[in-house]
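Per my numbering, the very first residue in the sequence shown carries number 1; after that it's consecutive. Backbone N, C-alpha and C define an ideal beta-carbon position, used for all residues, glycine too.
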Amino acid sequence: MKHHIIDLIFPKRCPICGDIMEAGARLACPICKLKAPYVTTPYCLKCGKPIADAHMEYCTGCMENEPLFTQGRALFRYTDQIKKSIYSYKYGNRREYAAYYTEEIIRLLGDDIRRWRADAIIPIPIHKERAKKRGFNQAELIAGMLGRNMQIPVCSDYVIREKNTIAQKNLNREERQNNLKRAFKITQNDVKLEEVIL
Numbered sequence: 001m002k003h004h005i006i007d008l009i010f011p012k013r014c015p016i017c018g019d020i021m022e023a024g025a026r027l028a029c030p031i032c033k034l035k036a037p038y039v040t041t042p043y044c045l046k047c048g049k050p051i052a053d054a055h056m057e058y059c060t061g062c063m064e065n066e067p068l069f070t071q072g073r074a075l076f077r078y079t080d081q082i083k084k085s086i087y088s089y090k091y092g093n094r095r096e097y098a099a100y101y102t103e104e105i106i107r108l109l110g111d112d113i114r115r116w117r118a119d120a121i122i123p124i125p126i127h128k129e130r131a132k133k134r135g136f137n138q139a140e141l142i143a144g145m146l147g148r149n150m151q152i153p154v155c156s157d158y159v160i161r162e163k164n165t166i167a168q169k170n171l172n173r174e175e176r177q178n179n180l181k182r183a184f185k186i187t188q189n190d191v192k193l194e195e196v197i198l
């Protein structure tokens with residue numbers, strides 16, 4: 001009863017469609033959960049990006065420039081709907097969306113995460129000025145929930161962001177790489193972590 005009253009006073013919005021949900025609804029609209037644009041096979045075995053050809057193992061980007069990470073996975077296709085959802089989460093202070101994202105990560109990518117046997121989750125840090133303006137680090141919030149649910153240590157202070165970079169969303173590949181040069185600093189050089197999730 002208490003939760004229903006809170007939902008009526010402070011109604012939750014669905015992370016997918018953005019509509020106000022009925023009192024008592026869990027995390028997302030039932031229909032949206034069924035129709036969410038999840039990444040399904042085929043996808044690149046390196047970066048996790050969707051690919052059109054089921055006979056290909058890797059996307060052209062990874063074949064031309066192999067990433068420095070071991071493997072990446074994506075939860076959603078980057079549709080207009082998901083862009084709006086992420087924007088609302090990051091800039092609209094919809095922190096409650098993190099619970100939905102985390103639940104879906106565990107449900108759909110949990111087996112991969114367990115297989116990686118990560119020593120820690122390191123959330124990508126944001127610059128202190130951006131954190132002050134936004135009020136929270138969206139990656140750290142999800143990392144904390146994911147770490148607690150999957151019993152993986154979360155190390156939020158191992159990497160700091162020294163440079164307040166411009167937003168990556170409107171940059172091409174080369175510009176993104178240049179934008180991030182010397183942006184981060186490792187603060188814990190004596191810690192031995194063999195496998196980490198960023």
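Going by the beta-carbon positions, is the gap between residue i and residue j smaller than 8 Å?
i           : j           : result
residue 20  : residue 11  : yes
residue 38  : residue 108 : yes
residue 106 : residue 149 : yes
residue 138 : residue 100 : no
residue 134 : residue 13  : no
residue 140 : residue 123 : yes
residue 183 : residue 162 : yes
residue 18  : residue 83  : no
residue 97  : residue 15  : yes
On the three-state DSSP scale, how would you describe residue i?
i           : result
residue 89  : helix
residue 98  : helix
residue 1   : With a pLDDT of 48 at residue 1, under the threshold of 50, the modelled position of this residue cannot be trusted; read the value that follows with caution. Coil at residue 1, not helix or strand.
residue 30  : helix
residue 185 : strand
residue 194 : coil
residue 142 : helix
residue 117 : coil
residue 160 : strand
residue 73  : coil
residue 20  : strand
Using 8 Å as the limit for Cβ to Cβ distance, is residue i near chain B?
i           : result
residue 115 : In the displayed structure, chain B is absent; only one protein chain is listed.
Contact defined as beta carbons within less than 8 Å: I believe residue i pairs with residue j. What is the distance between those atoms, to the nearest angstrom?
i           : j           : result
residue 121 : residue 86  : About 19 Å; that fails the 8 Å criterion.
residue 71  : residue 46  : 7 Å
residue 160 : residue 181 : Incorrect: roughly 16 Å between the Cβ atoms, too far for contact.
Would you say the segment 110-118 touches the segment 75-83, given that touching needs at least three Cβ pairs under 8 Å? no
Report yes or no: do the segment 186-193 and the segment 167-174 share at least 3 C-beta pairs separated by less than 8 Å? no
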